[in-house]
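Before any comments, here is the structure.
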Amino acid sequence: MQKRQAREETSWGESNIDWWPLPTQADNVNLDLDKSETQPQATPMCPAGTLSFSTGEYSPLPPIEVEKRSIQSRIPPPLHNFLGAEPMMTLWQDIRYGLRMLRRSPGFTTVAILTLAIGIGANAAIFSIINRVVLNPLSYPDSSRLVVIWETDANRNIYRGTASAAELLDWRDMNHSFQELSGWRALFYTVTGNAEPEQVWGAQASGNFFRMLGVAPVLGRDFSAEDEQPGHGQVVILDYGYWQRHYGGDRSFIGKTMVLDGQPHVIIGVLPRGFSLFGRVPESDLWTPFALNRAQLNREDHELIVFGRLRKGVALGSAQAEMETILAQLKRQYPGIDQKNGVRVASLHDELGAKLRPALLLLLAAVGFVLLIACTNIANLMMARAASREREIAVRAVLGAGRARILGQLLTESVLLAILGGALGIGVAYWGLHLVRAIVPAEGTGQIPRLNQAGVGGEVLLFTLAVSLLTGILFGLAPALQVSRVRLHESLKEGGRGSTSSRRSRLAQSVLVVSEIALSLVLLAGAGLLIRSFAQMMSRNLGFDPSHVLTMQVYLPESHYPSSAGPRMVNLYQQVLENVSALPGVQSASAIDFLPLTGWSGFCDFDIEGRATPPSDERFTGQYRVIDWRYLRTMRIPLRKGRDFSAGDGPDSQGVVMLNETLAERYWPKQDPIGQRIRLQLSPGLNPWTPETRAGWLTVVGIVGDIQDWQFAAQKSGQLYLPYPQDPSRIMRLAVRSNGDPTELTAGVRRAVESADPSLPVTDVHSMDEYLAQSLSDQRVSMWLLAVFAGIATVLAAIGVYGLMAYGVAQRAHEIGIRMALGAEPADVLRMIVRDGMRLVGIGLVAGLVCSFGLTRYLRSQLYGVEAHDPLTLLTVTAGLVVVAFLSCYIPARRATKVDPLVALRYE
Amino acid sequence: MIKLTDVEKVYESGAGKTWVLRRINLEIREGDFITVMGPSGAGKSTLMGIIGMLDGAWKGEYHLYENAVHKLDNRRRVELHKKYIGFVFQQYHLLDNLTVAENLDLPLSYRDIKKSEREGMVADALDRFQIVGKKALFPNQLSGGQQQLVAVARAVIGKPKLILADEPTGSLHSSQGKMIMDMMKKLNDEGTTIIQVTHNDAWAAYGSRIIQLADGWIVGGETRAGAA
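If you read the sequences in order, they're chains A and B. With this note's numbering applied, the first sequence corresponds to residues 1 to 908, in that order. With this note's numbering applied, the second sequence corresponds to residues 909 to 1136, in that order.
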């Protein structure tokens, strides 16, 4: 009898009951099923235990005590001492049993862990980015007190306007909310004294800037209040990377001088490694202090971003209120400043992640969907597996396990699975981060700030653990509930199939498949809309031809080209362009201050001759760019009316201006603006040299076609073009159209610049195609990532549908056998299986379409030229999903036609 | 009606060949009521599968009426099966999720019969087998005997010439078994050829001829003068 019991027990697992004491039949019933693990390994595998027991050396303990002793004996002593309590022992037991169950089904375990790893890993990767970029972008001490103070102009939709240095000083004097207020601006420096002149990104900041942030140089000293005084600002702090690159990390360079824009500057310090104000590449290589001379400051040069640190205990709202009061006082004190301007105090934390927040949250939602689909798949697998475990559960129930106990055990298994998936998911997250970094531009306008600082750190690990636990419960609950509801009688019957619970299980599985089809469709719809939007952008007429155009920046430092030598600047560019035009392979060469698609442009208000100056909130305004007279020809921008600029539009000739069609239509609707005159309201301080011609009235001589500008803004902007000789700029970008590959001209153009002035640094060498790609990079990154996630979702959904169908076919082999015995042909069986599957798919698609209608509207801000409910996109992705789902149904259905009715009927 | 000549069935495995049926030569006339008997593993069900064309992997010759089944492809065999054969199983094999009426309609749905005509045939079968009151019930709401009655009704609803009954009373108690066998006898009297497998001598007595199988061989047979 004992031998026979041993075999039956072995069928549960790997027990070898021969060495397990079997006191009585009743006691045996209360023993745990996995006895091989419960017996201490040191116990001899011999009948001695049985013998000892039968001879009365063991006390015949009551059943529950036998159980307790067996459990306690298998917990390692320290853990046992630590846990002690019964629930912990039960958990420990469940974990061991769960691990064994997973080991026993390597196929299921592998598929489940891989699926979960993809889902959890994708979430961890995106979370790690969001954590660094949006949630926790600042690594400064007490960073919640750091703010940015913007000037606003609601009428012109400006909510992040810069301030003037004069305002900064006023704000400092008048406020009580801020511990520190500090100004910052970006600028270029030309570094000379080395073999070749070098143009580098730099920044000028108030003397208290680093103190405000809470950052101290790792070497040397910080700026002091004295450095801010006029005549004392000839000091420089180096970025750590610049120090390493240019000085090899040599500490002895502190105190030595370097020449910036022709002026010697003493190197006083080096910033900490990794310091980055905005987390972007390139960052400032050099930092110099402002020299704030109150007497020379004007209120019209709005060129500073003002940062602040709130005093302890001051709320953002209070600071905002005080700043509004201060602004009102200043408006009264200085009636000349814009009376409509406002001020906005914003948390630096929020501002840094603001632009990317919608796109990243969209991606987080997408990976959330992927995880849900992965959970659905695992739940389906668990359901299928649970059906085969009904008998085991029934036996456990008969042996006294309550529903909660069974639920706990099953959930422990699913959570274990999820934790293993999460562990592997961390690896997927690492890989995913690499993938994202590969897709996102490493520098330039399309980069994600601080992306290189995103990593799988403590917070991400905590997130992964939480997601894993939640995931385990999510996908484990339904199967656990289903199995724990098992009908003992049916499950214990020999060959009992538990048809009722099977139907329930099939219903639950059907719901899961419908859900994942719906989720996949939503993701696909989102990805499809972004792809369509991107295609719209790519196919859109830019208004100019960016192909075969090479661009580079040339900067005229004040040391070589002082403001007093204005005409020399004009002549220099003329000389450069003539040199470049003479190069072989060059079709035409020109220059502009702000290239389109780069995100840079100037704005200015203007008066129209014969019209009253409108109130400040209705001023005539437009973007303005200064161009060389060959610019339209080089960029192939069409001239709609009037004439193009010519070489004759020089500093001494009549002031002229060209308008784009939008501006012309806006201010001269149904009129001809040619011959009309406007006067720009530009601060004289903004330009190095302002000829008389620009200061007066400018005659409109031509109307040019609109061009598409930065990031494909939906609203067209009105634009003014001025000839370069009449409005020169220190920074100009050459635009050179070549006959072939524009980058091949780079060396020749550099030489052409050198031959005009060897001291001029040439930087930012890019083709216009590169700028076009950069300007679309936000959309491209979102599109690619969403497409990747939608692809994963679709594959997971296809696996889900396939799994359900394959499982259904296996479950229905008997039914299929009957049908074939009754005359069903293979085609009938095929139709039946495909029809059943596609019915679920159809319901899922309808649900998905409804959800898509609800959710894609949140994409609206990311779309260009396509509606959030674009029927073509929805139709296409639906059709695509139908094809994938059909194949997922068809393959198991084909297998169903191979069912041997004799075999199926024999093995009911 | 049926002629089997040297029919053999063999399973090949790594260990060698396992013969399930050996040189079966058998002729069955229309209107016969054949009982196949033998111990477990004798090949009874395999023989029924071959005759019913559920099994296509065998050697030898099989003629059903003028059709040389052994020369037909699977598609043609399925057509023959649908035209001539009805099955009754020991485990009834009704579909749990279909009502009695839907189970009866099942074999008709695989034939080229219009819906209205099928409804009439189902109604006739329900009436003929006196199970009209059960038509909306599911199989698990019926007793074993009632389920087998439905299975028989389903087997004959397509008016087959041949009914293959594999232990039709195997899961029934004696009174239910007798009800089923009486029904089979009645069908046979009406002209349907019946081949049944049974271990029960009493039920075997319903047939006109007994074929004994052992280890795949026909080891004996007798023709009975009358039926019970």
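Glycine included, each C-beta is placed from N, C-alpha and C at the ideal position.
Subject >> Reduced DSSP secondary structure (H/G/I, E/B, other) of P141 of chain A >> reply: In the first sequence, the residue the question calls residue 141 of chain A occupies position 141. Coil at P141 of chain A, not helix or strand.
**OP:** Using a Cβ-Cβ cut-off of 8 Å, state whether Y1018 of chain B counts as contacting chain A.
**Re:** What you label residue 1018 of chain B is simply residue 110 of the second sequence in a count that begins at 1. Yes, Y1018 of chain B lies at the interface with chain A (some Cβ there is under 8 Å from its Cβ).
Original post:
Is H1081 of chain B helix, strand or coil when you go by DSSP?
Top reply: Here residue 1081 of chain B corresponds to residue number 173 of the second sequence, with the count starting at 1. Coil at H1081 of chain B, not helix or strand.
Original post:
In three-state DSSP terms, what is M838 of chain A?
Top reply: Indexing the first sequence from 1 puts residue 838 of chain A at position 838. Helix.
Subject >> the stretch 408-418 of chain A contacting the stretch 464-474 of chain A, beta-carbon criterion three pairs below 8 Å >> reply: yes
**OP:** Report the partner residues of D285 of chain A according to the DSSP bridge assignment.
**Re:** Here residue 285 of chain A is taken as the residue at index 285 of the first sequence, counted from 1. Beta-bridge pairing links D285 of chain A to no other residue.
Subject >> Rounded C-alpha distance that separates I678 of chain A from F603 of chain A >> reply: Position 678 of the first sequence, counted from the first residue, corresponds to residue 678 of chain A. Position 603 of the first sequence, counted from the first residue, corresponds to residue 603 of chain A. If I take the Cα positions, the gap works out to 15 Å.
Subject >> alpha helix (DSSP H) runs contained entirely in the stretch 565-627 of chain A, provided each spans 4 or more residues >> reply: 566-581
Original post:
Looking only at its own chain, which residues have a Cβ that is under 7 Å from the Cβ of G1085 of chain B, when we skip the five neighbours before and after it?
Top reply: Here residue 1085 of chain B refers to the residue found at position 177 when the second sequence is read from its first residue. T1077 and W1111.
Subject >> Nearest-angstrom Cα separation, counted from A328 of chain A out to T152 of chain A >> reply: Working through the first sequence from its first residue, we reach residue 152 of chain A at position 152. Working through the first sequence from its first residue, we reach residue 328 of chain A at position 328. Spanning the two alpha carbons is a distance of roughly 14 Å.
Original post:
Which residues share a DSSP beta bridge with K1042 of chain B?
Top reply: Within the second sequence, residue 1042 of chain B is the residue found at index 134, counting from 1. Note: K1042 of chain B sits in no beta bridge, so no partner.
Original post:
Does DSSP put S149 of chain A in a helix, in a strand, or in coil?
Top reply: Walking along the first sequence from the start, residue 149 of chain A turns up at place 149. Residue identity differs from the one stated: residue 149 of chain A is Ile in this sequence, not Ser. I149 of chain A falls in the strand class under three-state DSSP.
Subject >> First through last residue of the alpha helix (DSSP H) which encompasses I426 of chain A >> reply: Translated into positions along the first sequence, residue 426 of chain A becomes position 426. Per DSSP, I426 of chain A belongs to the alpha helix (DSSP H) from R403 to I439.
Subject >> Cβ of L955 of chain B within 8 Å of any chain A Cβ >> reply: Locating residue 955 of chain B in the second sequence gives position 47, where the first residue counts as 1. By this cut-off, L955 of chain B is not an interface position.
Original post:
Quick one: Cα of Q862 of chain A to Cα of L356 of chain A, how far?
Top reply: What you label residue 862 of chain A is simply residue 862 of the first sequence in a count that begins at 1. What you label residue 356 of chain A is simply residue 356 of the first sequence in a count that begins at 1. Straight-line Cα distance between these residues: approximately 11 Å.
**OP:** Answer yes or no: does any C-beta atom of chain B fall closer than 8 Å to that of I818 of chain A?
**Re:** Here residue 818 of chain A refers to the residue found at position 818 of the first sequence. Interface residue, yes.
Original post:
What's the C-alpha gap between A582 of chain A and E661 of chain A?
Top reply: For the purposes of this step, residue 582 of chain A is identified with residue 582 of the first sequence, where counting begins at 1. For the purposes of this step, residue 661 of chain A is identified with residue 661 of the first sequence, where counting begins at 1. When rounded, the distance between both Cα atoms is 33 Å.
**OP:** Taking the CB atoms as reference points, tell me whether L597 of chain A and Y771 of chain A lie closer together than 8 Å.
**Re:** Sequence index remark: in the first sequence, residue 597 of chain A carries index 597 (1-based). Sequence index remark: in the first sequence, residue 771 of chain A carries index 771 (1-based). Their beta carbons are under 8 Å apart, which means L597 of chain A touches Y771 of chain A by this criterion.
**OP:** Pick helix, strand or coil for P1076 of chain B, following the three-state DSSP scheme.
**Re:** The residue labelled residue 1076 of chain B in the question sits at position 168 within the second sequence. Reduced to three states, the DSSP call for P1076 of chain B is coil.
Original post:
CB-CB under 6 Å to F534 of chain A, same chain, minus the five flanking residues each way: which ones, in chain order?
Top reply: Along the first sequence, read from residue 1 onward, the residue named residue 534 of chain A stands at position 534. Closer than 6 Å at the Cβ level, and outside the excluded window around F534 of chain A, lie Q779 and M783.
Original post:
So is F997 of chain B in contact with chain A if we call contact Cβ pairs under 8 Å?
Top reply: The residue labelled residue 997 of chain B in the question sits at position 89 within the second sequence. Chain A contact via Cβ: present.
Subject >> Integer Cβ distance of V314 of chain A from S177 of chain A, believed to fall under 8 Å >> reply: Taking the first residue of the first sequence as 1, we reach residue 314 of chain A at position 314. Taking the first residue of the first sequence as 1, we reach residue 177 of chain A at position 177. With a Cβ gap of about 5 Å, V314 of chain A and S177 of chain A count as contacting.
**OP:** Kindly indicate if chain A contains any beta-carbon less than 8 Å away from that of D963 of chain B.
**Re:** Position 55 of the second sequence, counted from the first residue, corresponds to residue 963 of chain B. Closer than 8 Å: yes.
Original post:
Cβ atoms of V133 of chain A and L451 of chain A: under 8 Å apart, would you say?
Top reply: One-based indexing of the first sequence puts residue 451 of chain A at position 451. One-based indexing of the first sequence puts residue 133 of chain A at position 133. Contact: yes.
Original post:
Do A480 of chain A and L410 of chain A come within 8 Å of each other at the CB atom, strictly closer than that value?
Top reply: By one-based count along the first sequence, residue 410 of chain A stands at place 410. By one-based count along the first sequence, residue 480 of chain A stands at place 480. The answer is yes: Cβ separation under 8 Å.
Original post:
Going along chain A, which residues have a C-beta under 8 Å from V1015 of chain B?
Top reply: Within the second sequence, numbered from 1, the residue matching residue 1015 of chain B stands at position 107. It is worth fixing the name first, because residue 1015 of chain B is Pro in this sequence and not Val. Here the neighbours are L822 and G823.
**OP:** Let me know the secondary structure DSSP gives F275 of chain A once reduced to three states.
**Re:** One-based indexing of the first sequence puts residue 275 of chain A at position 275. Note: F275 of chain A maps to coil in three-state DSSP.
Subject >> Three-state class that DSSP yields for R1117 of chain B in the structure shown >> reply: The sequence position of residue 1117 of chain B within the second sequence is 209, counting from 1. In the structure shown, R1117 of chain B sits in a strand (DSSP, three-state: E or B).
Original post:
Would the beta-carbon of Y1018 of chain B fall within 8 Å of that of K990 of chain B?
Top reply: The residue you call residue 1018 of chain B lines up with position 110 of the second sequence. The residue you call residue 990 of chain B lines up with position 82 of the second sequence. A contact, by the Cβ cut-off of 8 Å.
**OP:** Can you give me, in chain order, the residues of the stretch 825-851 of chain A that have a beta carbon less than 7 Å from any beta carbon in chain B?
**Re:** E825 and D828
Original post:
Is the Cβ of V986 of chain B closer than 8 Å to any Cβ of chain A?
Top reply: As a first step, residue 986 of chain B must be located in the second sequence, where it is residue number 78. Yes, contact with chain A.
**OP:** Below 6 Å CB to CB, which residues in the same chain sit around T109 of chain A once its five sequence neighbours on both sides are set aside?
**Re:** Mapped onto the first sequence, residue 109 of chain A falls at position 109. So the qualifying residues of the chain are L102.
Original post:
Taking three-plus beta-carbon pairs below 8 Å as touching, is the stretch 357-372 of chain A in contact with the stretch 159-168 of chain A?
Top reply: no
Original post:
Would K312 of chain A be called buried (16 or more neighbouring beta carbons within 10 Å of its own) or exposed?
Top reply: Locating residue 312 of chain A in the first sequence gives position 312, where the first residue counts as 1. By the 10 Å Cβ count, K312 of chain A comes out exposed.
Subject >> Per-residue contacts from E815 of chain A into chain B (C-beta, under 7 Å) >> reply: Locating residue 815 of chain A in the first sequence gives position 815, counting from the first residue. The contacting residues are L1003.
Subject >> Start and end residues, beta strand (DSSP E) containing A996 of chain B >> reply: In the second sequence, residue 996 of chain B corresponds to position 88, counting from 1. It is worth fixing the name first, because residue 996 of chain B is Val in this sequence and not Ala. Note, V996 of chain B: beta strand (DSSP E), I993 to F997.
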